[in-house]
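Numbers given in the numbering used here equal positions in the sequence shown, counted from 1, plus 189. No residue lacks a Cβ here, since even glycine has one placed at the ideal position from N, Cα and C. One structure is given here, and the rest of the page talks about it.
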Amino acid sequence: MTSANFGSATQVSGEPAPAAAGTSQSLTVNGLSTATTYYFALITTDDAGNSSTLSNVPSASTSSGSGGGSVVNVSTSAQLDSAIAGATAGTTILLANGTYTKSGAFSISGKNGTATNPITIKAANRGMAVISGSAYFTVTSSSYIVIDGLQFTNTGNSAVKLTSSNNVRITRNHFHLTEDGNSLKWVYIGGADSHHNRIDHNLFEEKHDLGNFITFDGSSTQVSQYDTVEYNHFRNIGPRATNEMESIRVGWSQISMSDGFITIQYNLFENCDGDPEIISVKSGKNIIRYNTVRNSAGVISARHGNGSSFYGNFFLGDGQKSGLGGIRLYGQDHKVYNNYFEGLTGSGYDATLAVDGGDVDTSGSLSGHWRVYRAEIVNNTLVGNATGIEIGKNYSLAPKDSIIANNIIKGSTGKLINEYKTPVNMTYAGNIADPDGTATVGITATSSQVNVTDPLFTTSGGLQKLSSASPAINSSSGSYSYVTEDMDGQARSGIDDTGADEYSTTSILHKPLASTDVGVNAP
190 MTSANFGSAT
200 QVSGEPAPAA
210 AGTSQSLTVN
220 GLSTATTYYF
230 ALITTDDAGN
240 SSTLSNVPSA
250 STSSGSGGGS
260 VVNVSTSAQL
270 DSAIAGATAG
280 TTILLANGTY
290 TKSGAFSISG
300 KNGTATNPIT
310 IKAANRGMAV
320 ISGSAYFTVT
330 SSSYIVIDGL
340 QFTNTGNSAV
350 KLTSSNNVRI
360 TRNHFHLTED
370 GNSLKWVYIG
380 GADSHHNRID
390 HNLFEEKHDL
400 GNFITFDGSS
410 TQVSQYDTVE
420 YNHFRNIGPR
430 ATNEMESIRV
440 GWSQISMSDG
450 FITIQYNLFE
460 NCDGDPEIIS
470 VKSGKNIIRY
480 NTVRNSAGVI
490 SARHGNGSSF
500 YGNFFLGDGQ
510 KSGLGGIRLY
520 GQDHKVYNNY
530 FEGLTGSGYD
540 ATLAVDGGDV
550 DTSGSLSGHW
560 RVYRAEIVNN
570 TLVGNATGIE
580 IGKNYSLAPK
590 DSIIANNIIK
600 GSTGKLINEY
610 KTPVNMTYAG
620 NIADPDGTAT
630 VGITATSSQV
640 NVTDPLFTTS
650 GGLQKLSSAS
660 PAINSSSGSY
670 SYVTEDMDGQ
680 ARSGIDDTGA
690 DEYSTTSILH
700 KPLASTDVGV
710 NAP
């Protein structure tokens, strides 16, 4: 650039007002193209119209953005606000190491990327850009936004609040907010037309005030839909509250008759003790699968809504800590299969597998405990727990028209199947019970309903699995079209084996998750 062509160059916008002599000033230039060299020069003009000579002419080249768009480097909160305001599809905003704070939200409103060119807000170095103080993010009426690699220590507001947005990804962030004694939802998804958002590979930890790590709401009539929560690490939430401290809440009572189609999978929960419900499902047709729950006081609960599936989850306790639970059901048409439960200490609301009673039948208060209809509890393995399958423990309406089939229950205390209320039209078939110590089967049943025998387990990968001599092999009763694999992801073949494990020598695809499998640094 020279004095001759300076007048034809593109003028930048948003120049700051001149500061006092000797003061350093900066300006962020947005909307640059990728892989392009730019030249910058300055001519100053005083109030009398006198102009300086051309400054020196530095140059800089942009690199490629995540979706082929521009890259904007920021190092201050003001620059971050400016970069967000100027972002378009394909823009990547890179946050330098440091702390970003302000009084209020970094607002992303009416911004739309595309599937191949999202708008990305990303730490230049994972975990080194810290959102603190009263700062937080709001994403409103936006789509294809990515928030990547940040650390959230802020206070007084949610870390990220999504409203009426879709295809937003929250990935590889570390959430450990500074609590102030008030109830707070750390990540919130709601508003009309919220859908297809993804929360993955994050660490959520050390929550001791009321509120959830993640909350899914929606409009006044419809829960957010088709969202996914996967490969996250949730740990250390508590102490136990009576309500409002679930790790994840999926809907709420007044919209519980709407269907979410939300998938929660491949997450690790450790010491998640904040609420009787670790995951509280309060909407319909959701999938909770392939998660590992370790030493966490509470259960995964189908609290409201109908038609959800719970499968391939591992519930592992130390046999010592109180209140360690599994799965609890209310509502209609749920499926529970291929789950593994061991070392759990809970009973009642915290039982290993509770098909609970209800206080609402087919109509009534949406905040009630809706009677269980047509639950299918099949091909689960329960080993060494304080309780087995509990039926109708609470409330007056016993479960109706449900199936308990092809499960293995092995324990040394109490009733392995405990009918607190006589279920209506319950089908038992193909189960194996192995009571030892002071345990009993708990119900009167034929051998085709409950075969009282030793399943002849062998220890493999820390789990109790079928040995080659197990009577559970090829012993299942009936056929359930959705049971196509076992808890390991191995194919079911021929006559299915009873329990969560299919005796097989093929590769194991699913196993209990460790901290290295999830969170910000996982593959």
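Asked	Found
Any idea if Gly724 is buried or exposed, counting beta-carbon neighbours within 10 angstroms, 16 or more meaning buried?	The structure shown does not extend to residue 724, since the chain spans only 190 to 712, so no value can be given for it.
For the alpha helix (DSSP H) that Asp270 lies in, which residues bound it at each end?	266-275
Return the first residue and the last residue of the beta strand (DSSP E) that Ala318 is part of.	318-321
Ordered along the chain, which non-local residues of its own chain (more than five positions away) have a Cβ less than 7 Å from that of Thr647?	Lys654, Ser656
Check whether the region 552-571 touches the region 590-601, counting contact only when three or more Cβ pairs, one atom from each stretch, lie closer than 8 Å.	yes
What separation, rounded to the nearest whole angstrom, lies between the Cα atoms of Ala224 and Val260?	Residue placement at Ala224 is poorly supported in this model, since its pLDDT is 48, which falls under 50; the coordinates still yield a value, given next. When rounded, the distance between both Cα atoms is 10 Å.
Ignore the nearest five residues each way along the sequence and tell me which others in Pro499's own chain have a CB closer than 6 Å to its CB.	Here residue 499 turns out to be Phe, not Pro, going by the sequence shown. Ile477, Ile516, Val525.
Tell me whether Leu457 is buried or exposed, calling it buried when 16 or more other Cβ atoms sit within 10 Å of its Cβ.	buried
Residues in the same chain with beta-carbon distance under 7 Å from Asp462, minus the five sequence neighbours each way, listed in chain order, please.	Ile426, Gly427, Pro428, Arg429, Ser485, Ala486, Gly487
So which of Gln443, Leu392, Ile388 has the shortest CA-CA distance to Ile453?	Ile388
Are three or more beta carbon pairs between the region 319-328 and the region 337-354 nearer than 8 Å?	yes
Name the residue from Phe229, Ser585, Ala564, Gln200 whose alpha carbon lies nearest to the alpha carbon of Pro247.	Phe229
Among Thr627, Ser649, Thr611, which has the Cα closest to the Cα of Thr633?	Thr611
Cα separation between Ser292 and Asn262?	22 Å
Below 7 Å between beta carbons: does that hold for Asp550 and His558?	no
On the DSSP letters alone, give me the boundaries of the beta strand (DSSP E) that Gln411 sits inside.	Premise fails: Gln411 is in no beta strand (DSSP E) and is neither H nor E.
Indicate the three-state DSSP secondary structure (helix, strand or coil) for Tyr671 in the structure shown.	coil
Distance, Cα to Cα, Gly683 vs Val639?	21 Å
Per DSSP, Lys311 is paired with what?	Leu283, Asp337
Closest to Ile447 by CA distance: which of Glu435, Ser409, Tyr420 is it?	As written in the sequence, residue 447 is Ser, which differs from the Ile given in the question. Nearest of Glu435, Ser409, Tyr420 to Ser447, Cα basis: Ser409.
What ranges does the beta strand (DSSP E) occupy inside the region 633-706, keeping only unbroken runs of at least 3 residues that lie completely in it?	639-641, 646-649, 652-655
From Thr431 to Leu373, what distance separates their C-alpha atoms?	16 Å
Please name the residue or residues paired with Ile477 in a DSSP beta bridge.	Ile453, Phe499
Over what stretch of residues does the beta strand (DSSP E) that includes Ile355 continue unbroken?	Checking the sequence shown, residue 355 turns out to be Asn, not Ile. Looking at the DSSP string, the run of the beta strand (DSSP E) that includes Asn355 is 355-360.
Take Tyr529 and list the residues in its own chain whose beta-carbon comes closer than 6 Å to its own, dropping the five residues that flank it on each side.	Phe503, Thr570, Met676, Ala689
On a CA-only basis, which of Thr242, Asn245, Ser271 is nearest Glu204? Give me that one, please.	Ser271
Taking the continuous beta strand (DSSP E) assigned at Phe326, which residues delimit it?	324-329
State the start and end residues of the unbroken beta strand (DSSP E) segment that holds Asn620.	620-624
Tell me where the beta strand (DSSP E) around Ser536 begins and ends.	Segment: none, Ser536 is in no beta strand (DSSP E) and carries neither H nor E.
So within the region 343-394, which uninterrupted beta strand (DSSP E) runs reach at least 3 residues, ignoring any that extend past its ends?	349-352, 355-360, 376-379, 387-389
Is Gln443 helix, strand or coil when you go by DSSP?	helix
In whole angstroms, what separates the C-alpha of Asn355 from that of Ala618?	44 Å
So if DSSP puts Asp448 in a beta bridge, which residue, or which two residues, is it bridged to?	Gly473
Taking the C-alpha atoms as reference points, what is the distance between Thr576 and Gly514?	9 Å
Suppose you measure from the CA of Lys510 to the CA of Arg560; what does that come to, to the nearest Å?	30 Å
For Ile403, count neighbouring Cβ atoms within 10 angstroms of its own Cβ and tell me buried if that reaches 16, exposed if not.	buried
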